[in-house]
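Engineer: Below is one structure. I have some questions about it.
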Amino acid sequence: MRFVKRHALTAYALLMVGYLMLPIAVVILFSFNQPAGRFNYVWEQFTFDNWINWNDVLGIQDAIVTSLEIGLLATVVATALGTLIALAIVRHRFVGRGATNILVFLPMSTPEIVLGASLLTLFLNSTAVLQLGFWAIFIAHVMFIVSFIVVTVKARLIGFDRHLEEAAMDLGANEWVTFRKVTLPLLAPAMLAAALLGFALSIDDFVITYFVAGGEQTFPVYVWGIARVAVPPQVNVIASAIFLVAIAIALGNVIWEYRGAKRARGAT
Amino acid sequence: MGAFFHRHKGVTPYLLLAPGALWLAIFFVIPLVFLGYQSLQSGLFPNFEFTWEFSNFSDGIRDYHEQLVRSFLYAGIATVACLVLAYPLVYWIAFRAGPWRNLFLLFIIAPFFVTYLVRTLAWLNILADEGPVVGFLRSINVLDEDGRLLATTFAVVAGITYNFFPFMALPLYVSLEQIDPRLLEAAKDLYASPTQAFLRVTLPLSAPGIVAGTLLTFIPAAGDFINAALLGTPGQAMIGNVIQAKFLESLDYPGAASLSFILMGLILLALLVYARIVGSERLTG
Numbered sequence: 034m035r036f037v038k039r040h041a042l043t044a045y046a047l048l049m050v051g052y053l054m055l056p057i058a059v060v061i062l063f064s065f066n067q068p069a070g071r072f073n074y075v076w077e078q079f080t081f082d083n084w085i086n087w088n089d090v091l092g093i094q095d096a097i098v099t100s101l102e103i104g105l106l107a108t109v110v111a112t113a114l115g116t117l118i119a120l121a122i123v124r125h126r127f128v129g130r131g132a133t134n135i136l137v138f139l140p141m142s143t144p145e146i147v148l149g150a151s152l153l154t155l156f157l158n159s160t161a162v163l164q165l166g167f168w169a170i171f172i173a174h175v176m177f178i179v180s181f182i183v184v185t186v187k188a189r190l191i192g193f194d195r196h197l198e199e200a201a202m203d204l205g206a207n208e209w210v211t212f213r214k215v216t217l218p219l220l221a222p223a224m225l226a227a228a229l230l231g232f233a234l235s236i237d238d239f240v241i242t243y244f245v246a247g248g249e250q251t252f253p254v255y256v257w258g259i260a261r262v263a264v265p266p267q268v269n270v271i272a273s274a275i276f277l278v279a280i281a282i283a284l285g286n287v288i289w290e291y292r293g294a295k296r297a298r299g300a301t
Numbered sequence: 007m008g009a010f011f012h013r014h015k016g017v018t019p020y021l022l023l024a025p026g027a028l029w030l031a032i033f034f035v036i037p038l039v040f041l042g043y044q045s046l047q048s049g050l051f052p053n054f055e056f057t058w059e060f061s062n063f064s065d066g067i068r069d070y071h072e073q074l075v076r077s078f079l080y081a082g083i084a085t086v087a088c089l090v091l092a093y094p095l096v097y098w099i100a101f102r103a104g105p106w107r108n109l110f111l112l113f114i115i116a117p118f119f120v121t122y123l124v125r126t127l128a129w130l131n132i133l134a135d136e137g138p139v140v141g142f143l144r145s146i147n148v149l150d151e152d153g154r155l156l157a158t159t160f161a162v163v164a165g166i167t168y169n170f171f172p173f174m175a176l177p178l179y180v181s182l183e184q185i186d187p188r189l190l191e192a193a194k195d196l197y198a199s200p201t202q203a204f205l206r207v208t209l210p211l212s213a214p215g216i217v218a219g220t221l222l223t224f225i226p227a228a229g230d231f232i233n234a235a236l237l238g239t240p241g242q243a244m245i246g247n248v249i250q251a252k253f254l255e256s257l258d259y260p261g262a263a264s265l266s267f268i269l270m271g272l273i274l275l276a277l278l279v280y281a282r283i284v285g286s287e288r289l290t291g
């Protein structure tokens, strides 16, 4: 009885991990399925064909390429804009600082459907300047990613040792050189983390994208369109590939931190 | 460039802000104004006219109160389910997992790495009528011979719960992880039973995480339409489904815009009620 009591929580935790991993396992498993009909819902037979002929379905390659292009572009722009906002908010006291904080916070606490719907009305009412499609998706993604970048970089900036920058200035570097040679390299890990988060958000987004996509298809929009007709196993292949890349990066990070902590302990 | 910054120190923060703030102003604030403008228009696509049509709002509530109530009900149930499911797991990770902490956190985030739509479709596989779960439940008579899980309220709420689970678990973890274990030792030294120590020390100290997790789960859940669309039937339609269909299928922009504002207004109202219950300083702090 005491054994049960002591390990009940551990058992529960492992059970929950199983619950969280179950759909992921199903996605990966069914990427190796050879479905009998148009729908890939019932397990039939193991095959590597879907992985070899991953782009054998009309439109899937274009969709994933579009997703990657928008993800890269939006992430680069949003990381730059977000880092600058974070620098302003953390480093400076100025009129409108509170309002800026609210402006950054609001998009994160607005339901995605409202963000998508409002952007759609903007685009529909200004068709002379702005058209739905690739660049509309890019604009929308930068908009909703920026806030997450600001939050991530801000957290790092708050615990920042300003003595290093002061030392650089004392040694004759001007503010621009100090920024480029001291601040930026120190901020780089936080910016990289923020950019990875931004990229993940961009590549996964469906709701906002769907509203402003026009005829353009990102991978999630493609899946939505095809889900009513027939889901080919290639969709699982792409999703599994994205998952494996993301998990490899995250695991690498976990191991890197673990070793870093170990080395730090060894040094003392 | 450096000299310029040096001479105009007061301008620096605004120069840093300008590009990002402008982007948010043009593509977040102004669209909301357009949405408001659209919500008060009347007429049929594509000839809408601005007529201060406030009846769009009353009509929206009259015609779609069922979907509105359902959205908040589903989101509420899913939020509570997330909290109940996540708390023991996160507690275990924070206090018992030792060196495995980061690995288990990775397990919590992992669903995010699978495209939202695809992981929801995976639940179609799992809950399918011919699938193992339904088969098992039928064999132990929890479900009838032809009973099913797909296309039910259960499937939709379960889908929402799964999809937004990390939003609850991560803030909870952050607040539990910050608790000083010495406080729990102190409670023990003062003869508190484990239950008492949990109720009087751990639970109150994790309150900020519960509040943050609840907000982060509830807000997107109330506006979701993917789970209802893929795992449910029109009988489980939420307000997001109505807004989406009006905007992109029936092209009733004023109706869709007013429903978007009704959704936002109701979320705000729910937040205010929630703030009254948990105390407003916890909501903002």
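Line order of the protein sequences matches chains A and B.
Numbered by the numbering used here, the letters in the first sequence go through residues 34 to 301 in order.
Numbered by the numbering used here, the letters in the second sequence go through residues 7 to 291 in order.
Think of the CB as a built atom: it goes at the ideal place given N, C-alpha and C, for glycine as much as any other residue.
1. Listed from N- to C-terminal order along the chain, which residues in the region 124–143 of chain B have their beta-carbon within a distance smaller than 7 Å of any beta-carbon of chain A?
2. Here's the rule I'm using: 16 or more other beta-carbon atoms within 10 Å means buried, otherwise exposed. How should phenylalanine 63 of chain A be labelled?
3. Scan the region 184–207 of chain B for residues whose Cβ lies nearer than 7 Å to a Cβ of chain A and list them as they occur along the chain.
4. Would you say leucine 190 of chain A lies against chain B (beta-carbon separation less than 8 Å)?
5. Mind checking the region 218–231 of chain A against chain B and listing, in chain order, the residues whose C-beta falls within less than 8 Å of any C-beta there?
6. On the three-state DSSP scale, how would you describe glycine 153 of chain B?
7. Just verifying my parser: in three-state terms, what is the DSSP assignment at leucine 117 of chain A?
8. Suppose only complete runs of 4+ residues qualify. What are the alpha helix (DSSP H) ranges in the region 52–136 of chain B, listed by chain order?
9. Express the C-alpha separation of leucine 284 of chain A and glutamate 191 of chain B in angstroms, rounding to a whole number.
10. Sort out for me which residues DSSP pairs leucine 50 of chain B with in a bridge.
11. Please classify phenylalanine 79 of chain A: does DSSP put it in a helix, a strand, or coil?
12. Does any residue of chain A bring its CB to less than 8 Å from the CB of alanine 27 of chain B?
13. For histidine 174 of chain A, decide whether its Cβ has a neighbour in chain B, counting only Cβ atoms nearer than 8 Å.
14. Flag serine 235 of chain A as yes if its beta-carbon sits less than 8 Å from any beta-carbon of chain B, otherwise no.
15. Please identify, using Cβ separations under 7 Å, the residues of the region 92–125 of chain A that lie next to chain B, in order along the chain.
16. Counting only C-beta atoms, is phenylalanine 170 of chain B closer than 8 Å to chain A at any point?
17. Have a look at isoleucine 182 of chain A and glycine 231 of chain A and give me their C-alpha separation to the nearest angstrom.
18. Going residue by residue through the region 224–254 of chain B, where are the continuous alpha helix (DSSP H) segments of at least 4 residues, counting only ones entirely within it?
19. Of the residues A:Leu229, A:Ala200 and A:Phe65, which one's Cα is nearest the Cα of valine 215 of chain A?
20. Around the Cβ of methionine 7 of chain B, are there at least 16 other Cβ atoms within 10 angstroms (buried) or fewer (exposed)?
21. Quick check: the Cα distance between leucine 176 of chain B and leucine 211 of chain B, rounded to an integer number of angstroms?
22. Go ahead and label aspartate 186 of chain B buried or exposed: buried means 16 or more other beta carbons lie within 10 angstroms of its beta carbon, across all protein chains shown.
23. Can you tell which of B:Leu272, B:Phe253, B:Ile232 and B:Ile99 has the C-alpha that lies nearest to the C-alpha of phenylalanine 170 of chain B?
24. To the nearest whole angstrom, what separates the beta carbons of serine 45 of chain B and alanine 228 of chain B, a pair I think is in contact under 8 Å?
25. Kindly indicate which residue of A:Gly247, A:Ala297 and A:Val287 has the alpha-carbon position closest to the one of tryptophan 168 of chain A.
26. If I'm right that phenylalanine 33 of chain B touches leucine 152 of chain A with Cβ under 8 Å, what's the distance once you round it to whole angstroms?
27. Round the Cβ separation of leucine 237 of chain B and valine 140 of chain B to the nearest angstrom and send it over; I've been treating them as touching at under 8 Å.
28. Under 7 Å Cβ-Cβ, which residues of chain A neighbour threonine 18 of chain B?
29. Over the uninterrupted alpha helix (DSSP H) stretch that includes asparagine 169 of chain B, give me the two end residues.
30. Between which two residues does the alpha helix (DSSP H) containing glutamate 208 of chain A stretch?
31. Strictly under 8 Å for the Cβ-Cβ distance: is proline 68 of chain A near chain B by that measure?
32. Run through chain B and tell me which residues come within less than 9 Å of proline 265 of chain A, C-beta to C-beta.
33. Could you run through the region 285–296 of chain A and flag, in chain order, every residue whose CB is less than 8 Å away from some CB of chain B?
34. Give a yes or no on whether the minimum CB-CB distance between tryptophan 98 of chain B and chain A is below 8 Å.
35. Applying the 10 Å Cβ sphere with the 16-neighbour rule, what's the burial state of histidine 196 of chain A?
36. Taking buried to mean at least 16 other C-beta atoms within 10 Å of its own C-beta, is aspartate 150 of chain B buried or exposed?
Structural biologist: Checking against the coordinates, here is how it stands:
1. Val124, Arg125, Leu127, Ala128, Trp129, Leu130, Asn131, Ile132, Ala134 and Glu136
2. buried
3. none
4. no
5. none
6. coil
7. helix
8. 61–101, 107–115 and 122–133
9. 34 Å
10. B:Asn53
11. strand
12. yes
13. no
14. no
15. Leu114, Gly115, Leu117, Ile118, Leu120, Ala121 and His125
16. no
17. 7 Å
18. 232–237 and 245–254
19. A:Ala200
20. Interpretation of methionine 7 of chain B is limited by its pLDDT of 47, a score under 50 that renders its predicted location unreliable; no figure is taken from the coordinates.
21. 15 Å
22. exposed
23. B:Ile232
24. Not really, about 18 Å apart at Cβ, beyond 8 Å.
25. A:Gly247
26. 7 Å
27. In fact, because the Cβ distance is near 13 Å, the residues do not count as touching under 8 Å.
28. His125
29. 159–183
30. 208–211
31. no
32. The contacting residues do not exist; proline 265 of chain A stays about 12 Å from chain B at best.
33. Val287, Glu290 and Tyr291
34. yes
35. exposed
36. exposed
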